[in-house]
Amino acid sequence: MADPNYPLPRFHFRVTFDATVINCSEVTGLNTELDVIEYRDGASVLFSTQKMSGLRKFGDIVIKKGVFASDKDYWVWYNSVQMNTPLRKTITIELLDETHAPIMTWALTNAWPKKVENPDFKSDASEVAVETITLVHEGLSLA
């Protein structure tokens, strides 16, 4: 159980879609913001605009993961995307405690892959081959 007196570390997390756990090394883009609508009517005694909240916007989610020979789930999902008919899924991102239990959970609604970047190759590199998947989505909630 996490100690409530200390902030949570960011290195212990799990990402899933359907029943598939994505063994990834990095997740970025858990952002949301509101548009600002500025309005002023012509008879206002104030010489400034009124600010109102507008539409909610969500950032793209970028997932980096090692390449495994048997792991092609993302490619199958990406290749299933057709004109205006992507297969939308719920993605779950969980921050875990030391017992691997979720402490915080973010859910992406109607997510689908818009981009897959393959790793660069270098003959004298001693690194894991990492692919990058960019997801778009229509909602971010914290449970």
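Going by the numbering used here, the first residue of the sequence shown is number 1235, and it counts up by one from there.
Backbone N, C-alpha and C fix where the C-beta goes; we use that ideal spot for every residue, glycine too.
The segment 1276-1294 makes no contact with the segment 1314-1334: fewer than 3 CB pairs, one atom from each, lie closer than 8 Å. Boundaries of the beta strand (DSSP E) around Y1273: T1266 to Y1273. For A1363, the closest C-alpha among the options E1260, D1294, S1287 and F1302 is that of F1302. In its chain, beyond the 5 residues on either side, K1291 have a beta carbon closer than 6 Å to the beta carbon of E1267.
Taking the C-beta atoms as reference points, G1293 is found nearer than 9 Å to N1265. Distance check between F1245 and each of A1253, E1260 and V1255 places E1260 closest, using alpha-carbon atoms only. Distance check between W1309 and each of P1241, T1368 and D1237 places T1368 closest, using alpha-carbon atoms only.
Around the Cβ of I1297, a 10 Å sphere holds 16 or more other Cβ atoms; the residue is buried.
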